[in-house]
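Numbering (the numbering used here), first residue to last: -16 to 778.
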């Protein structure tokens, strides 16, 4: 949540520490400058490091003179010791991450509503008059960048974060006059204000705006003063440890993209050329002071950057496509780069602080020239180049390189395609990771099993799904489904065993990804396998799996049934033949529906199990077919579902799973309360005068101003679908008008189409129409009648 400035150069680091309060000369000598920006001795073999590298991260890379100043500062500040209480590493912290500060503000407002009970036992708090003061407080801190927390009007008026950060750091330079410095910067003199700011921040829950206002009231910079509140600040990007803590990530549907963007780096050819110039300038300046290891590794970095630059120049000068993939071997093919040990070079870049030294010296040299020429200093780029070189030297299968030509320049982009490994580190270290988001759940969660009539039909469907969509570039229906759920399918060929297929399906569903298992009615997965709970939240039956009626076996079976029915029937010969044909048809349908019922029964395995069953064939709407379904299926079957639009069916599925996620045994349900096994059907409002003080108050009390209103009793005589009122607007007439009629007025009956009420949004053509529905809004009735139409109310 805190935006750390990337210009972590040596001169800026000195400016951000309290060292600047001592009498430091405004212009350092050349010898002192060389000491500040020279590299320490480096040992790449992991042997005993020199004494200059045995320090902590805070003093790593600092010169001897600066360390003496730090010791003087620590001795001087001992009279005002910092009151940094240790809040305990064992306390479980909650790290709440979000995409915007507005969402963090909403979280802070919700956190204010939490009343934590006191940790003091009741025996010790009985004699306390004010027990409200015993409630535990929540130590909460919202971190933000300078753009959000700067209170200096000479800085905060700037547009972007980079400009604000540069102006802030410029005002802290040692050579800046006192009147040009920031008066709100924490220092040794205003240590009491910093402690006051810290105490106020931790006293109550404050959002980012409250922290900025508090800094204005106290007169201290909230950006730098917030660092006294965080523990181990300014160490490795705040050194936020999530080990054993709880991580809450809001807007989690953007999580994977956010992780990919964090680990993706883009550099340009101009930035590479600038960094190459800075490296060569630094190497020439300190060539007499660079010893063997430093000189060797700096030469390797120069060769690597030169090789990348030359390859990008080649791509830019050739007539290649405006964008395309780049092979890592092409970037490291020249200048002897293939002889570089990538692991040692990555370790050197991380530990030697080469980017800080080079960028610091380059900025120091530019600032002297820019002050004379009155030019704005440019941003150092080697830190940015280093962030690209580190993943380049340690490429994984999840990362790919691309080039993009834009405005005479060329960009080289490293993109992380699969952020699973990066997010796994958070999951493994944290005590719990909570993902919050409103658009993360699909219509049918977890596992979905689809049954097809035959293997040939399944293969035909898969081939159609894998065709490229019209007007789409390399996109198929298969890819769209795969984006929601992983597709697994049963095959006639024994390429994978049923056990392996089920194990893969169960592991995918168990991971929360969701899967779609395509199988065949009568195949290996339709018998003897239970898709209970999450393994079968949805069952799709595609078509009716009738057996091959032209086979000799089935012709003999049907003929036998017909002959038996003919003999057992009575009446005329024509009547007996009709009975025989009906018996054969019924036998044929029964064999089909037995297979359907067997597939449906794979999902519902116990009393608390639930699933959505979708029968995908118009013939399932026939009474003869529905009569062969189980009774528990028929009583839950949607009426006239074949005539409903697809959107209405999808909406019903979504509502079904939302309802199933809520418990059905809350107070007020007919099966809840009193340890009762049966249902509460008698006396729902109580016997006699029960409820006189609550839900059955008299009219005298009911119409009194102090009456609290209804308390949510259920209906005494509940009517099914009493409030069923799907609506449709007049501008959706194309959804239910098939063509135009010129001879007679078209009659539109909306009830069979799944709509109950007509609303008046939009316009209708000036032709008379007859519309039948249960309800009409005033505008809808007026517009229909103005067009010469008729409104008919139906029950």
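Note that the Cβ used here is the ideal one computed from N, Cα and C, for glycine as well.
Quick caveat: nothing in here was measured; it's all calculated off a predicted structure.
Per DSSP, the continuous beta strand (DSSP E) segment holding residue 306 begins and ends at 306 to 309. If you look at residue 392, you'll find it in the beta strand (DSSP E) that goes 392 to 399. Boundaries cannot be given for residue 154, as no beta strand (DSSP E) includes it and DSSP labels it neither H nor E.
Comparing alpha carbon positions, the residue from 98, 592 and 241 closest to residue 402 is 241. Classified as buried, residue 367 has 16 or more neighbouring CB atoms from the shown chains inside 10 Å of its CB. Taking C-beta atoms as the reference points, residue 757 and residue 730 fail to come closer than 9 Å. In the DSSP assignment, residue 435 falls within the beta strand (DSSP E) that extends over 430 to 435.
Contact annotation: residue 500 and residue 471 have beta-carbon atoms nearer than 9 Å. Taken through DSSP and simplified to helix, strand or coil, residue 767 comes out as helix. Along the segment 508 to 588, the alpha helix (DSSP H) occurs as fully enclosed runs of 4 or more residues at 535 to 551 and 556 to 583, listed in sequence order. Between residue 394 and residue 252, the CB-CB gap stays under 9 Å. CA-to-CA, the gap between residue 75 and residue 198 works out to about 28 Å. With respect to the 9 Å criterion, residue 245 and residue 412 are not classified as neighbours on the basis of their beta carbons.
Across the structure, residue 621 and residue 229 are spaced so that their CA atoms are roughly 43 Å apart. Excluding five sequence positions before and after residue 487, the CB atoms of its chain that fall closer than 8 Å to its own CB belong to 471, given in chain order.
Residue pairing by DSSP places residue 740 opposite 710 and 758 in a beta bridge.
Cβ contact annotation for residue 578 (same chain, cutoff 8 Å, sequence separation greater than five): 504, 505, 509 and 528, in chain order. DSSP places residue 639 within a helical segment (H, G or I) once states are collapsed to three.
The straight-line gap separating the alpha-carbon atoms of residue 307 and residue 268 is approximately 39 Å. One alpha carbon belongs to residue 586, the other to residue 468, and they sit about 18 Å apart. Taking C-beta atoms as the reference points, residue 600 and residue 525 count as a pair closer than 9 Å.
When the beta-carbon positions are compared, residue 190 and residue 128 stay at least 9 Å from each other. Looking at the DSSP output, residue 727 sits in no beta bridge, so it has no partner there. Counting only residues of its own chain and dropping the five nearest sequence neighbours on each side, residue 406 has a CB closer than 7 Å to the CB of 242.
Residue pairing by DSSP places residue 599 opposite 525 in a beta bridge. Each residue's CA atom was taken as its position, placing residue 566 and residue 605 some 17 Å apart.
For residue 251, the pairing in a beta bridge is given by DSSP as 394. Looking at the DSSP output, residue 459 sits in a beta bridge with 451. Secondary structure at residue 466: helix, using DSSP grouped into helix, strand and coil. Taking the Cα of residue 329 as reference, the smallest distance to any Cα among 398, 712, 375 and 703 is reached at 375. Residue 238 is positioned such that its CB atom lies no closer than 9 Å to that of residue 126. Contact annotation: residue 772 and residue 753 have beta-carbon atoms nearer than 9 Å. Inclusion of residue 548 and residue 563 in the CB contact set at 9 Å is warranted, their separation being smaller than that value.
A distance of 9 Å or more separates the beta carbons of residue 332 and residue 289.
The segment 455 to 468 makes no contact with the segment 541 to 555: fewer than 3 CB pairs, one atom from each, lie closer than 8 Å. It is roughly 7 Å from the alpha-carbon of residue 489 to the alpha-carbon of residue 518.
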